[in-house]
Amino acid sequence: MDEIVKKLKVVTGLENIRLEHPTDERFGDYSTNIAMVVATHLRQGFGGQENQKKNPIEVAKEIKNKLDEIIDKTDTVEKIEVAGGGFLNFYLKKEYLVKQAENINYETEFRSSLGKHGLGKTVVIDYSAPNIAKPFGIGHLRSTDIGQALYNIYKILGWKCIGDNHLGDWGTQFGKLIVAIKKWGDKPVEKMTIGDLEKLYVKFHEEAEKDPKLDDEAREWFAKLEKGDPEAREIWQKCVDISIIEFNQVYDMLGVKIDFAHGEAFYEKMLPRVIADLNKKKVCSESQGALIVEFDDMPPAMIQKSNGTTTYFTRDLATVKYRLKEWLPDLMIYEVGVDQALHFRQLFKTVEMMGWMEQKAMVHVAHGLIRWKGGKFSTREGKTIHLDEVIDRAREKAKEIANSTQVSKEMTAAEKKKMIEAVAIGAIKFNDLSQDPRKDIIFDWERVMSLQGDSGPYLQYTYARCQSVLSKTKILEQKNIGDLPKEINPEEVALLRGLNKLEEKIVEAAERYSPAVIAEYLVKIARLYNEFYGKHRIIDQPEETFRIFLTKATANTIGLGLGLLGIKTVERM
RNA sequence: GCGCCUAUAGCUCAAUGGAUAGAGUAUCAGUCUUCGGAACUGGUGAUGGAGGUUCGAUUCCUCCUAGGCGCACCA
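Under numbering that gives the first Met the number 0, read the first sequence as residues 0 to 572, first letter to last.
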């Protein structure tokens with residue numbers, strides 16, 4: 000509310016004025032604590048000694064009186080109140096709330112208004128990044144879901160977005176894999192599945208514990224690979240091909256599309272140049288035969304191992320250099336697990352030392368690790384959760400519920416299958432996206448499979464419910480509302496207020512790098528709508544026009560929000 | 001040993017330094033003469049501990065406890 004802020008500045012003479020939404024509906028649409036701030040300042044002797052004994056409520060009353068004189072009350076503001084502790088609460092006119100909410104129903108205009116936030120700016124988002132020759136686990140699912148959602152959010156705000164899938168397709172692990180394939184592989188590489196490759200990799204680690212010489216062999220093979228040894232390159236290429244095919248199936252199923260998939264190997268040829276750059280700027284130094292970068296407050300990072308091979312730190316530096324040159328980004332977001340926090344702190348610092356980019360323009364969205372409800376998440380014991388299993392179980396659950404509903408009986412087999420798929424994937428994605436990315440996530444089958452309460456399907460259900468209502472009304476023009484009903488009930492006011500927060504929630508999600516902001520918001524909207532729906536009839540009521548308008552705006556809000564989260568809507572479920 | 005992160009209801013999560021700490025789930029009790037019950041209404045139930053800063057602290061600072069992650073030839 001620019002108008003209120005502007006007038007508050009005039010009255011108080013202060014620049015730093017922020018309006019917030021009160022925690023409780025009864026306190027209006029906006030509130031400010033400015034009177035408390037002013038009172039504190041007065042008490043401390045700022046700005047005029049004669050007022051030193053003012054308490055916040057008196058100050059608030061003074062401000063309110065002055066505001067009443069200069070604020071135009073014909074249009075937006077209904078009333079201003081002074082509340083308990085000295086809060087100033089602003090109540091907006093219902094007509095104004097409705098007018099705001101109408102914006103949502105003009106999708107083209109609404110989107111173009113959203114698109115002004117990031118106009119002219121570019122962001123590179125690094126996400127998903129599964130490892131070649133390893134199955135797609137739920138850890139990478141988290142990076143994929145959150146990364147894609149951030150991509151969608153920045154995009155709708157007008158940023159030019161570049162998504163890059165930094166595939167783990169290079170490194171000593173391939174030395175290990177080659178050794179394992181040559182020693183224990185029981186069929187040609189091209190006939191192997193990703194599961195076979197994983198087993199060989201696991202076997203390598205088991206054997207290497209008994210015979211440490213295997214590690215040396217693996218390092219040698221990686222050195223060969225880096226030098227372009229034909230046999231090593233061939234095996235490597237086949238492993239990459241097998242994996243990519245499988246990953247693409249996963250992305251198809253998830254409805255994810257990533258602009259580029261420059262893996263680590265892509266940067267291989269640029270590495271000598273990067274090392275030369277570092278040397279030239281004297282950013283790195285030699286230590287025990289290796290090249291390292293040293294920091295004041297962090298352990299050193301390794302650029303080149305003593306046997307001449309590179310590390311992924313070097314490749315990440317090359318990646319930054321490439322991205323800067325190619326896309327000139329204003330912001331770079333890395334959606335990678337928190338276990339790599341130190342690596343990225345070192346990387347960002349080094350990039351700044353090189354003068355390539357400021358540290359603050361690089362963000363590591365460090366998502367928490369996934370743990371079992373009971374305790375640790377042990378990958379060593381082979382207890383990784385494969386994505387396939389999760390989706391299969393979600394599908395079963397969705398099918399079970401669908402079979403008990405009336406609507407699904409009216410569906411064709413194809414429609415039903417599609418719906419079940421959307422619900423299952425929606426449930427899984429929402430589970431990831433509805434929590435603060437930074438926190439560890441407790442993997443709980445019951446919660447992931449929950450299709451009720453705070454869940455993806457709850458949103459899909461509410462959307463479908465809106466569509467059903469809209470299909471039954473005879474009101475044709477649902478976008479705007481001519482005359483308001485005489486009275487707007489509390490449920491309707493609450494819903495209107497909620498709907499009007501869509502834009503600021505999208506902005507907040509981008510600022511906090513947290514799709515969870517949107518997920519939480521959508522649940523709130525769905526709840527407000529369902530509460531309204533439970534208490535008031537829509538069709539064949541005097542207020543039908545207005546209530547259809549609310550229904551339309553709710554459907555549009557949920558539809559747009561779910562789209563940002565990468566969750567499909569369904570017309571019926 | 002050093003560094004980073006986390007701790008909110010039985011469980012899983014919310015709360016830009018603000019008003020009576022919100023949801024879901026579980027549990028107990030209700031709503032089907034209904035535009036979709038994958039829904040709605042009500043009850044029970046919480047800020048790890050000790051200090052500090054502030055008009056005001058779940059939020060900021062210090063210490064303690066518990067857990068997680070990381071600390072050069074893995075990524």
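C-beta: ideal position from N, C-alpha, C; glycine also. Computed from a predicted structure; not experimentally measured.
Extent of the continuous beta strand (DSSP E) run through residue i
i, result
"residue 442", "440-442"
"residue 159", "159-163"
"residue 130", "Premise fails: residue 130 is in no beta strand (DSSP E) and is neither H nor E."
"residue 331", "330-336"
"residue 3", "Here residue 3 belongs to no beta strand (DSSP E); instead the alpha helix (DSSP H) covers 1-11."
"residue 123", "121-125"
"residue 289", "289-292"
"residue 102", "Taken as a continuous stretch (DSSP letters only), residue 102 belongs to no beta strand (DSSP E), being part of the alpha helix (DSSP H) at 93-104."
"residue 284", "283-286"
Sub-8 Å separation of residue i and residue j beta-carbons
i, j, result
"residue 466", "residue 570", "yes"
"residue 162", "residue 257", "yes"
"residue 33", "residue 87", "yes"
"residue 348", "residue 339", "no"
"residue 90", "residue 75", "no"
"residue 254", "residue 567", "yes"
"residue 133", "residue 188", "no"
"residue 301", "residue 344", "no"
"residue 448", "residue 536", "no"
"residue 149", "residue 116", "no"
"residue 514", "residue 152", "yes"
"residue 145", "residue 364", "yes"
"residue 312", "residue 346", "yes"
"residue 362", "residue 321", "no"
"residue 538", "residue 471", "yes"
Buried or exposed by the 16-neighbour rule on C-beta atoms within 10 Å, applied to residue i
i, result
"residue 64", "exposed"
"residue 272", "exposed"
"residue 158", "buried"
"residue 402", "exposed"
"residue 262", "buried"
"residue 9", "exposed"
"residue 169", "buried"
"residue 2", "exposed"
"residue 252", "exposed"
"residue 499", "buried"
"residue 381", "Annotation note: pLDDT 46 at residue 381 (below 50); position unreliable, coordinate value reported separately. Exposed, since its Cβ has fewer than 16 Cβ neighbours within 10 Å."
"residue 141", "buried"
"residue 546", "buried"
"residue 308", "buried"
"residue 83", "exposed"
"residue 283", "buried"
"residue 48", "Below a pLDDT of 50, predicted positions are generally treated as unreliable, and residue 48, at 45, falls in that range; the measurement from the model is reported next regardless. The residue is exposed, with fewer than 16 neighbouring Cβ atoms inside 10 Å."
"residue 244", "exposed"
Closest Cα partner of residue i within the set the options
i, options, result
"residue 394", "225, 423, 444, 369", "423"
"residue 314", "166, 447, 217, 391", "166"
"residue 195", "179, 210, 224", "179"
"residue 61", "236, 85, 286, 413", "85"
"residue 12", "29, 37, 2", "37"
"residue 516", "413, 529, 502", "502"
"residue 454", "107, 83, 396, 429", "429"
"residue 176", "309, 474, 203, 70", "203"
"residue 386", "438, 444, 419, 335", "444"
"residue 495", "480, 277, 509, 285", "480"
"residue 58", "67, 69, 70, 41", "41"
"residue 561", "520, 486, 80, 128", "520"
"residue 440", "474, 266, 370", "370"
"residue 463", "529, 103, 15", "529"
Residue i, enclosing alpha helix (DSSP H) - first and last residue
i, result
"residue 306", "Counting along the chain, residue 306 falls outside any alpha helix (DSSP H), and DSSP gives it neither H nor E."
"residue 246", "229-253"
"residue 370", "Here residue 370 belongs to no alpha helix (DSSP H); instead the beta strand (DSSP E) covers 369-371."
"residue 361", "That residue, residue 361, is in no alpha helix (DSSP H); its beta strand (DSSP E) goes 361-366."
"residue 522", "515-534"
"residue 548", "543-564"
"residue 259", "Run containing residue 259: none; DSSP gives neither H nor E here."
"residue 502", "501-510"
"residue 388", "386-401"
"residue 491", "489-498"
"residue 351", "340-352"
"residue 15", "From DSSP, residue 15 is part of no alpha helix (DSSP H); its letter is neither H nor E."
Give the list of continuous alpha helix (DSSP H) stretches no shorter than 4 residues that lie fully inside the segment 18-77. Runs found: 33-42, 55-69.
Length at least 4, wholly inside the segment 423-462: the alpha helix (DSSP H) runs in chain order: As far as the segment 423-462 is concerned, its whole alpha helix (DSSP H) runs of at least 4 residues are 444-447.
Alpha helix (DSSP H) runs wholly inside the segment 152-217, at least 4 long, in chain order: For the alpha helix (DSSP H) assignment, the uninterrupted runs of no fewer than 4 residues enclosed by the segment 152-217 are, from N- to C-terminal side, 171-183, 193-209.
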